[in-house]
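J.: Numbering-wise, the sequence shown is residues 144 to 271 according to the numbering used here.
Following this message is one structure expressed as structure tokens.
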Amino acid sequence: MRRCALLLGLVVVGCGGPDRETFVREANSACRDRAAGQEALAELQADELLDASTRLYEQELEVLRALEPPEEDRAAHAKWVRANADLVQAWRRYAADAGNEDARDRVLDRFDRAAALAGDLGLTQCDG
């Protein structure tokens, strides 16, 4: 019986959830992938570029939502994901009306907000 209790205790400790290092590495990787994708789109025409960039931001958002932060970062992660969702929404509006300066300014504002929250989480690749 004691052995079973000890084994159960070890299993529970071993399943304590993701660690911070893994979370940061995976989040930075998602941001790097999106940035690399944007660089690869540089030769596209403006209308194609906006559509393709929108898809990149949408894909990144799905990856960010799927990340499992450590318990102490869950609230900050949720806030960061919401900020990225706001960025994606602003980007969609801008892609639909690229001549609209207000839409462009909203994208920049949302991007700055998401980047600041990424910095609060200790991420280094999610600001560009």
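Backbone N, C-alpha and C define an ideal beta-carbon position, used for all residues, glycine too.
Predicted model only: the values in this text are computed from it and were never measured.
Would you kindly work out how many angstroms separate the C-alpha atoms of Gly152 and Ala246, rounded to a whole number?
T.: Residue confidence is low: Gly152 scores 46 on pLDDT, short of 50, so the model does not pin down where it sits. No coordinate-derived value is stated.
J.: Give a yes or no on whether the C-beta atoms belonging to Asp176 and Ala241 are separated by under 9 Å.
T.: Cβ distance not < 9 Å, so Asp176 and Ala241 don't count as in contact.
J.: Looking at Trp223: is its Cβ nearer than 9 Å to the Cβ of Tyr200?
T.: Cβ distance not < 9 Å, so Trp223 and Tyr200 don't count as in contact.
J.: Spatial neighbours of Arg253 within its chain, please: C-beta separation below 6 Å, excluding the five flanking residues on both sides.
T.: Same-chain partners within the cutoff: Asp229, Leu230 and Ala233.
J.: Which whole-angstrom value is the C-beta distance of Leu266 and Ala170, which I expect to be below 8 Å?
T.: Indeed they touch by this definition, with Cβ atoms about 5 Å apart.
J.: From this set, Ala195, Phe166 and Glu164, which residue's C-alpha is nearest Ala179's C-alpha?
T.: If we check each option's Cα against that of Ala179, Ala195 comes out closest.
J.: Look at Leu204 and His220 and say whether their C-beta atoms are less than 9 Å apart.
T.: Not a contact, by the Cβ cut-off of 9 Å.
J.: Taking Gln188 as part of the alpha helix (DSSP H), name the residues at either end of that continuous run.
T.: Segment: none, Gln188 is in no alpha helix (DSSP H) and carries neither H nor E.
J.: Jot down the residue ranges of each uninterrupted alpha helix (DSSP H) in the stretch 194 to 249, minimum 4 residues, whole runs only, in chain order.
T.: With a minimum length of 4 residues, the continuous alpha helix (DSSP H) runs that stay inside the stretch 194 to 249 are 217 to 239.
J.: Under 9 Å between the Cβ atoms of Tyr237 and Arg256?
T.: For Tyr237 and Arg256, no; Cβs fall outside 9 Å.
J.: Going along the chain, which residues of its own chain have a beta-carbon closer than 6 Å to the beta-carbon of Leu184, five neighbours each way excluded?
T.: Cβ within range, chain order: Leu192 and Ala195.
J.: I need the DSSP call for Cys269, collapsed to helix, strand or coil.
T.: Correct three-state label for Cys269: coil.
J.: Using the C-alpha atoms, what's the distance from Leu251 back to Glu215?
T.: Glu215 and Leu251: Cα-Cα distance of roughly 29 Å.
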